[in-house]
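Participant: Sending over a structure as C-alpha cells; questions will come in a sec.
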Amino acid sequence: MKMTEDLKKAAENMKPGIITAEGFLGDDDRSLVDIIESDEENIQSLKINLYDDIKRIKYLFEKGKEAFDEPITVDNKWLVKTDEARGHLPCPFEDGIFRKVNLRVKNLRNNEELFITDLSLHLIEKHHFFQGKGSKFRVEPEQLKKVIEG
C-alpha cells in the first residue's frame, strides 16, 4: 500500500488535537500505511472473517440501543451495553460524521470483553484501521476474534 495524498491527510487528521484531544494513533510511531498493513496481516493470520464480525457487531449495537442504555443479554452469548454521549465526530478519512455511541460486549462463554465505538467500527469496516497501538479506542484484532467469534 502506498501513502497517498488522501492517506497523508487522514494521518494529519489523526494527530492529537485535530479531531480528538488524544488523536487516533496513541504512542504508535509507525506510518498509517504500516499500521493498516500490520493489522491486515494479523486479520489474515488469525483467520478473522471481518465481514461477518462487522455484521455481528452492528447487530449487537442495534440490540444494545433497543435496551435504552441498560445491559442486555443477546442470543445467550453476549452481554451488551451501549451508551451515547452528546455530539458527533468526523472520520479522519473525511468520509462521514458519527454519533458518539459506545458498545461494550462481554462474551458470556469465555468472559472476554470488547469496547468499540460507532466511529471505530466505521474505521475498521471501511479503512481496516483499528487505530494505533496505545490509542484509547484501539480495537485489537485478537480481542475482536475472542469476543465476537469465541
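Just so you know, the working numbering puts 30 at position 30 of the sequence shown, and the rest follows in order with no gaps. Cβ coordinates follow ideal geometry from the N, Cα and C atoms, glycine included.
Hey, would you say Val-74 sits closer than 8 Å to Leu-114, going by beta carbons?
Facilitator: Not closer than 8 Å, so no.
Participant: For Asp-174, list the residues DSSP reports as bridge partners.
Facilitator: Lying before the first or after the last residue shown, residue 174 is absent from the chain, which here runs from 1 to 150.
Participant: Short of 6 Å in beta carbon distance, which residues of its chain neighbour Phe-93, apart from the five on each side in sequence? Order them along the chain.
Facilitator: Only Ala-10 and His-127 meet the Cβ criterion.
Participant: Could you check what DSSP says for Asp-115 in three-state terms: helix, strand or coil?
Facilitator: Per the sequence shown, the amino acid found at residue 115 is Phe instead of Asp. Phe-115 falls in the strand class under three-state DSSP.
Participant: Straight-line CA distance for Lys-133 to Ile-72?
Facilitator: Cα to Cα, Lys-133 sits roughly 30 Å from Ile-72.
Participant: Would you call Met-3 buried or exposed, if buried means 16 or more other Cβ atoms sit within 10 Å of its Cβ?
Facilitator: Exposed: under 16 other Cβ atoms inside 10 Å.
Participant: Does Asn-107 come out as helix, strand or coil in the three-state DSSP assignment?
Facilitator: The answer is strand: DSSP assigns Asn-107 an E or B state.
Participant: Please state whether DSSP places Val-139 in a helix, a strand or coil.
Facilitator: Coil at Val-139, not helix or strand.
Participant: Taking 8 Å as the cut-off, decide whether the C-beta atoms of Asp-95 and Asp-83 are in contact.
Facilitator: No.
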